[in-house]
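Participant:
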Amino acid sequence: MGSIMDYLYFPGCTLYTKAKNLDQTARNCSLLLGFELKELPNWTCCGATFPLATDNIMALLPPSRILARARQEGTTLTTLCAICFNVIKRTNRLIQNDGEKREKINNFIEMNYQGDLRVLHYLEILKQEIGFPQIKERVRKPLAGLKAAAYYGCMLLRPFDEMGFDDKERPTLFEEFLEAMGAEPVDFPYKIECCGSFQSVGSPEVATECGYKILGSAIKNGAEVVVSTCPMCTFNIDHKQSDIKQKYLDFKSIPVLYFTQLLGMAMGLDYQTLGFEQNFVDPLPLLKEKGFI
Amino acid sequence: MKENGKFIKRAMVIGGGIAGISASIDIGNAGYDVVLVEKLPSIGGRMLQLSETFPTLDCAQCTLTPKTVETGQHPHIKLLTYSEVDRVEGKAGNFTVKIRRKAAYVDWEKCTGCGLCQEKCPSKKPSEFDRGMGMGKAIYTLSPQAVPNKPVINPSNCRYFLEKKCRVCEKVCPVGAIDYEQQDRFVEERVGAIITAVGIDLIPKETFGEYGYGTIPDVIDGLAFERLNSASGPTTGAIRRPSDGKVPKEVVFIQCTGSRDPERYMPYCSRVCCMYTAKHARLYKHKVHDGQAYIFYMDIRSTGKGYEEFIQQGMEEEGILYLRGRVSRIFRDDGRVVVWGVDTLTGKKVEISADMVVLATAIIPQGGTKGLAQKLGINTDEYGFFTEAERKLRPVETNVEGIYLAGCAQGPKDIADAVAHANGAASKVQGLFAKH
Amino acid sequence: MFYPLRLTIYDSRIMKKLGVFICHCGVNIAGTVDVKSVAGKVGSVGDVAHSTDYIYMCSEPGQQLIREAVREKGLEGVVVACCSPSMHENTFRKAVKSEGMNPYLCEIANIREQCSWVHQKEKEKATEKAEEIILATLEKVRENEKLEAISVSINRSVLVIGGGIAGMTAALDLAEGGYEVILLEKEQALGGHMTQLSRTFPDLHPALPDLLTKALEIEKHPGIDLHCYSEMEDVKGYVGNFELTIRKKATHVDWEKCNECGLCIRDCPVEYVSQFERGLGVRKAIDLLYPQSVPHKPVIHRSHCRYFIDGSCRRCEEVCPEKAIRFEQEDERIGKKVGAIVVATGFELYPRERLGEYGYGEIPDVIDGLALERMLSVDGPTKGRIIRPSDGKVPKEMVFIQCVASRDPDRYMPYCSRICCMYTAKQAKIYKEQVPDGQPYIFYMDIRSDGKGYEEFLQKTIEEKGLLYLRGRVSRVFQDDGKVRVLGVDTLTGRMVEVAADMVVLATAVVPSDGVKDLAAKLRATVDRHGFWTEAHIKLYPVESSTKGIYLAGCGQSPKDISDTVSQASATASKIQALLSTDKLLQDPLIAFVDENICSGCGICVEICPYEAREMDSQRGISVVHSALCQGCGACIAACPNFACELRNNSSIQTLRMLDTFVTAGARE
Amino acid sequence: MKIELTRQKVHNEFAKKVELISGQNLFACYQCGNCTAGCPVAFAMEVGPHEVIRYTLLGLEEEALGVNTFWLCASCLQCTSRCPKGIDIARVMDALRMVILRKKDRKDHIQISEFQEGFLERVPQIAFISGFRKFLS
């Protein structure tokens, strides 16, 4: 596998609290794969949403500041939370391409950043920098027979010309990852539909409905577990299963795991280090039944 | 300009679809010799794939075959099928065109067109002519009514070429016409004028990720529906969905798929989809009386003679439901094809759980049009359609004297307009010849 | 039923070897009719030596089946059971002819349009009926005579009626092809409606310059005999040999002498409302059609000229330096002969006065599309400026209404006029360029921008110019407070929309020119119920009329834009060149003939013949048939009180035998 | 039910403001409805995004701002990614939110004080931070 560089790492607020399991497993897995996530010093909130208003750049300053500081530390920045990734990558691209806004932003943050950082999602590192075949070789306990539905959500895929993550309508990267783990990917139409995002704060019932449709579609297509990359999505499709159950009485729970939890498990990490206690729907019975733990 | 004596009053027509055929017959009937070059093994073009044509619902074969037969038998028309233009030199009155005659692996001089080879050929692959709706053999003619009625071997499907075994066709051929060693050959033709009528293709339905989650077999395109509906097609005209052969009871037709979409696909209107979709829906209703046809549209464009009446009749008499709006997404769920669309007239999102979806995909120029334009020294627009000399008053002429345009290669048109355009080009050729 | 005695004379049934070929027409026939069983049953008839079926009889292998059977079985008569004879009679007759059989021994049994299509739900009965139709047709074939086509000589010149862009294009193409052309235009100058246009979509080229270039080319072309201010008075004859009478209307100006100085026009004291300017401008009693008119010669309009009204003025005569004024000139009739005729009679706009709900013809600021074109023309009544006809103010709220009287089957025209969407978008764009602070509103039902580059033009214009498209019809337009109030709807919000407009432009329906129906009667060609010329077949014969030798071009056939008109006009020229490229024309011999022994010379047939094909032979005292003129319509046969006329291969005995087949079959049931 | 149109209304301040904030040309919308067709939360909307755009273009400010459409928009960008005319509809929705949130009499869409007890503890930061940014002035 050769020596692989270390990556600057922006965890984001949620990974320090509600999604520690995502953060921890990612860090541990990277060590097993031969690279380190070098956490940015003094990082701040990314803004949690890419500002869509074009007449005001204030909301662009936090992610710009993160980028500018990261550039002082290195050349490649990675993150896990899909929303943080979306905000940071889009901001980076805007600074790269919009000279006028770049100048304004630099004036505000009193730094000089040109947008020359590579911003990669952790999954992209796995695919592009390390390679799924190589990861497959590292798999100690293949997740044979695990029917896993890869849920992409929105922020990795859209807008396509800015994110360039995968085909926006028929993405396959996540499934390729699951295959490398030895799992059986389950294709389901709702894998690119929205989880309701921040509507869990504004109109929780709408987010409940979104989550119900996504999970229902995954279950109908034979999934035993849904795999996610994003703490926002995970909240809406995992933690909100209690709300879903309240509304749809015949709804049967389904575990939702972070992709790094699967990765760790497949690479032989002790399941007790994988933070399953933070998952709302307990995956342990399923994982035991499957003989993975 | 050439002197009178040397001006060659003989024309070449490139493309043997309805436009090329119409132009050839016109020029031939005026007493001039014509060389008709077609890249497929037989003439007829896209129209050969159609079932019935709007607005009269005449069967396409019935309108077309007399013309293909007439072309094949015309004393002034020389057919060069399975051939492509390789190089063009010279100018009006004296073009020298080098033509590649592709290896058919069948000696057409000997072949009697008995069809035994096709019948016995053991190789079956999805047929391109049938848009994947049916199977085709490695040795084939495009249709039983092909002109000329001579088969060719497709080496990429033929077991002999792939695995060096089989040779069934050779064994069964009563006249020993199979020739696996045949090579492409080149011929030269000298002509005084050239008409290009190379026709169209459809933008592949696979282009539309959002419309074919994975690849849904029951999402087909308009030409595939024509094949399904065609009496000479793979289902002998029965409307059956590709996935399981069931009769679809709810069929959704989606217009403007890839057309009028400047951001993602083609900005132009493909001109024929509104009418053929209306026709499809009506023909579907004729065969599946208890079925429901839904048509998503943006604007209904029925501008030809009798077209508006045809559309309105479809709505009134066949109960076809028109929904004004685009479809955002199609995916498969529980063996059904789920369509997410909108009816902008009620402002409501519409979800239809359909049995089959037919996409009226955008018309694009035939592959290789730009290359041909370069050989001829004429222009194309950014999409590859040939550019006419002037849009209004010189719609069939090009920037090069002696080279003319016919049919959809200049821009999407329906059959009637394509034929008129082609006849117009023929008129210009006759005028050019008469002057010299 | 009364059987005339003499019919037995022809009843000389000789056994022939007959062949029957039944076409599946894909599933069109075979889906309803059990073709195999029909072929079997018919095959068992005594004189039927061959009976078979095939998926597409009209295809090459299908025709091959027929040719082989004729050759190998020595068939003496053939029935092809398939679609209407108007589709493929010719195809199959050619096929049998190639094997040496007389083509008129081949007949079509129509089991598609007359059987399978109309009985889709009664398969058994349809199968029986198909069998009966074939049996009846066999009866006909048994009595068919061998006939030879009638050969007629051809006059190789062409008449083009209409000097608009369609007629001009056809005329030029034909003349370039080496044929003599007579071009007839009812107005005093060439160009038709295109001369009224400002700029054309989608490239916004000025309409006039290109058109004038063409017009001048025509004026100078040695192969074109141009007759402006002329009308068709009478047509006799038939394809290859038409005899025309052209009426050249009196211009009251000797065009040979006129030096185009324009003094007469300048000094003419009479001004009247100009139709050419769509009522927005005036013209003189002696005037050109438009300033750059080709030919560039004036005409005196009698109904407005004071000399003709009360003899009070001879001003033009006084000022003319060439003494070219001819008050006494009369209409002139000239005779011509041609082999083919192109009708390119063009279109008019639906009269807006008949659209009560849109302004009762009363509101001056409600104009139609052509009127706005005149305004937009730099040589028009407002020199290209858009102003309200009522008070000359610049309209700031401008409403365009599409589909006015189009797509309105109940009240007006059911069809789409095809050009309105594009010209409205064009006009709105030009308006917005001229009045940047104005707002165009366009009421539409569907935007139909289906030509090359049209959709792109439209979308770009909407985006850049901020045209407001409102999907919905306008119910009413009325005058209120100096404004034109428009009551419409936006079906996309589902709301009623009211605009207090300064001006309203109606894209009124395209309708055929006046006088088309009269002309159709003269030419014996048909028009549809709206007055558009009917083509022989929309796909097979789109530029041929229902009458041989008469061809169609341009909007007279159906509405189309300039580019499509030009293509089609060239197509027409191409068809005519093929027709005239030979010296002799072969015509169907299926025409009337007279039994000279029976004809009493009463002359009823002469009266009744619509084609003037019957005349009296005064010497012999009987009626004769002019074979080149007879179209085989059968009117004389029905009219003859003595049963002296018959149609070749459509004799009474044949008809009766065919009827017998059906009657017998009916009785069996 | 009835709209009286004038050129001032078509070029109304409100539409201009929305165009300015969103950076989108509302005239480019040809009302195909693709945005509504693909919207994952359309089921809960009073009218679809395409209709809100229409209201805005026609100067129906009250109607446009009175519906829940843009409040329910989750900025998932499905509409944006499939718009055939390249309009970033999510930006238009955000612009409509901004018009309200930026008004002088600041009016928040959600009231933090009304949250159920423990709600904020349960919800991840990323959700309520982005929610607050979308819903609070």
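If you read the sequences in order, they're chains A, B, C and D. Using this note's numbering, the letters of the first sequence map in sequence onto residues 1 to 293. Using this note's numbering, the letters of the second sequence map in sequence onto residues 1001 to 1436. Using this note's numbering, the letters of the third sequence map in sequence onto residues 2001 to 2669. Using this note's numbering, the letters of the fourth sequence map in sequence onto residues 3001 to 3137. For glycine and all other residues, C-beta sits at the position ideal for the given N, C-alpha and C.
Helix, strand or coil for Phe2400 (chain C), going by three-state DSSP, please let me know.
Facilitator: strand
Participant: Where do the N-terminal and C-terminal ends of the beta strand (DSSP E) with Gly1341 (chain B) fall, by residue?
Facilitator: 1336-1343
Participant: Determine the chain B residues that contact Val3047 (chain D) at a beta-carbon separation under 8 Å, and present them in chain order.
Facilitator: Gly1347
Participant: Going by the beta-carbon positions, is the gap between Glu162 (chain A) and Arg93 (chain A) smaller than 7 Å?
Facilitator: yes
Participant: My output table needs one value for Ala1354 (chain B): the three-state DSSP class, helix, strand or coil.
Facilitator: strand
Participant: Rounded to the nearest angstrom, what separates Phe2327 (chain C) and His2301 (chain C) at their Cα positions?
Facilitator: 11 Å
Participant: Please list the segments of the alpha helix (DSSP H) lying wholly inside the region 186-261 of chain A, counting only runs of 4 or more residues, in order along the chain.
Facilitator: Within the region 186-261 of chain A, the complete alpha helix (DSSP H) runs of at least 4 residues are 199-202, 204-220, 231-234, 241-247.
Participant: Sorted by chain position, which residues of the same chain lie with C-beta nearer than 6 Å to Ile1027 (chain B)'s C-beta, five sequence neighbours on each side aside?
Facilitator: Ala1011, Val1034, Ala1426, Val1429
Participant: Which ranges does the alpha helix (DSSP H) cover as unbroken runs of at least 4 residues, wholly within the region 3009-3039 of chain D, from first to last along the chain?
Facilitator: 3013-3022, 3034-3038
Participant: For the structure I just gave you, are there three or more beta carbon pairs, one from the region 2512-2523 of chain C and one from the region 2337-2352 of chain C, closer than 8 Å?
Facilitator: yes
Participant: If you check the beta carbons only, do Cys2106 (chain C) and Val2078 (chain C) fall under 7 Å apart?
Facilitator: Cβ distance < 7 Å, so Cys2106 (chain C) and Val2078 (chain C) count as in contact.
Participant: So for Ile2419 (chain C), helix, strand or coil by DSSP?
Facilitator: Here Ile2419 (chain C) sits in coil by DSSP.
Participant: Starting from the beta carbon of Phe159 (chain A), find every residue of chain B whose beta carbon is closer than 8 Å, and list them in chain order.
Facilitator: Checking the displayed sequence, the identity of residue 159 (chain A) turns out to be Pro instead of Phe. Near Pro159 (chain A) there are no residues of chain B at all, since even the closest Cβ is about 12 Å away, more than 8 Å.
Participant: Let me see if you follow: with CB-CB separation under 7 Å, is Lys2548 (chain C) close to chain B or not?
Facilitator: no
Participant: Quick check: is the beta carbon of Ala149 (chain A) nearer than 7 Å to any beta carbon in chain D?
Facilitator: no
Participant: Quick check: the Cα distance between Met1266 (chain B) and Ala3090 (chain D), rounded to an integer number of angstroms?
Facilitator: 23 Å
Participant: Any Cβ of chain A within less than 7 Å of the Cβ of Lys1002 (chain B)?
Facilitator: Since pLDDT at Lys1002 (chain B) reaches only 41, below the 50 mark, its modelled position is unreliable, and the value read off the structure follows with that caveat. It does not; no Cβ of chain A falls within 7 Å.
Participant: Output the distance between the C-alpha atoms of Arg2524 (chain C) and Gly2380 (chain C), rounded to the nearest integer angstrom.
Facilitator: 39 Å
Participant: For Glu175 (chain A), collect the residues of the same chain with a Cβ closer than 6 Å to its Cβ; drop the 5 residues on either side in sequence, then sort them by chain order.
Facilitator: Ala150, Pro185
Participant: Going by C-alpha distance, which of B:Ile1153, B:Gly1132, B:Arg1131, B:Met1133 is nearest Thr1141 (chain B)?
Facilitator: B:Ile1153
Participant: Closer than 7 Å between beta carbons: that is the criterion. Which residues of the region 2379-2397 of chain C meet it against chain D?
Facilitator: Lys2396, Glu2397
Participant: If I'm right that Lys2584 (chain C) touches Ser2153 (chain C) with Cβ under 8 Å, what's the distance once you round it to whole angstroms?
Facilitator: 6 Å
Participant: Nearest CA to the CA of Gly294 (chain A): which residue from D:Asp3108, D:Glu3117, D:Gly3118, D:Lys3009?
Facilitator: Limits of chain A in this structure are 1 at one end and 293 at the other, which puts residue 294 (chain A) out of reach.
Participant: Checking the sheet assignment: what are the DSSP bridge partners for Gln1292 (chain B)?
Facilitator: B:Glu1250
Participant: Can you give the Cα-Cα distance for Arg71 (chain A) and Val2435 (chain C), rounded to whole angstroms?
Facilitator: 53 Å
Participant: Once DSSP output is grouped into helix, strand and coil, what is the label at Ala2592 (chain C)?
Facilitator: strand
Participant: Run through the region 2520-2603 of chain C for me and flag every whole beta strand (DSSP E) of 3 or more residues, listed as ranges in chain order.
Facilitator: 2535-2537, 2541-2545, 2550-2552, 2584-2587, 2592-2594
Participant: Hey, would you say Met267 (chain A) sits closer than 7 Å to Leu32 (chain A), going by beta carbons?
Facilitator: yes
Participant: Looking only at DSSP bridge pairs, what is Tyr2272 (chain C) linked to?
Facilitator: C:Arg2283
Participant: Looking at the secondary structure, which residues open and close the beta strand (DSSP E) in which Thr19 (chain A) lies?
Facilitator: Residue identity differs from the one stated: residue 19 (chain A) is Ala in this sequence, not Thr. Counting along the chain, Ala19 (chain A) falls outside any beta strand (DSSP E), and DSSP gives it neither H nor E.
Participant: So, is His1289 (chain B) buried or exposed, given that buried needs 16 or more other C-beta atoms within 10 angstroms?
Facilitator: exposed
Participant: If you compare alpha carbons, which of B:Ser1232, B:Phe1129, B:Glu1401, B:Ile1363 is closest to Tyr1383 (chain B)?
Facilitator: B:Ile1363
Participant: Between the Cα of Arg2648 (chain C) and those of C:Glu2330, C:Leu2135, C:Glu2143, spot the shortest distance and give me the residue it belongs to.
Facilitator: C:Glu2143
Participant: Given that a residue counts as buried once 16 or more other Cβ atoms are within 10 Å of its Cβ, and exposed if not, what is Thr948 (chain B)?
Facilitator: The first residue shown for chain B is 1001 and the last is 1436, placing residue 948 (chain B) beyond what the model contains.
Participant: With contact counted as at least three CB pairs below 8 Å, one residue from each stretch, are the region 2577-2596 of chain C and the region 2149-2167 of chain C in contact?
Facilitator: yes
Participant: Using only alpha-carbon positions, find the residue among D:Arg3102, D:Ser3075, D:Leu3096 that is nearest to Ala3042 (chain D).
Facilitator: D:Ser3075
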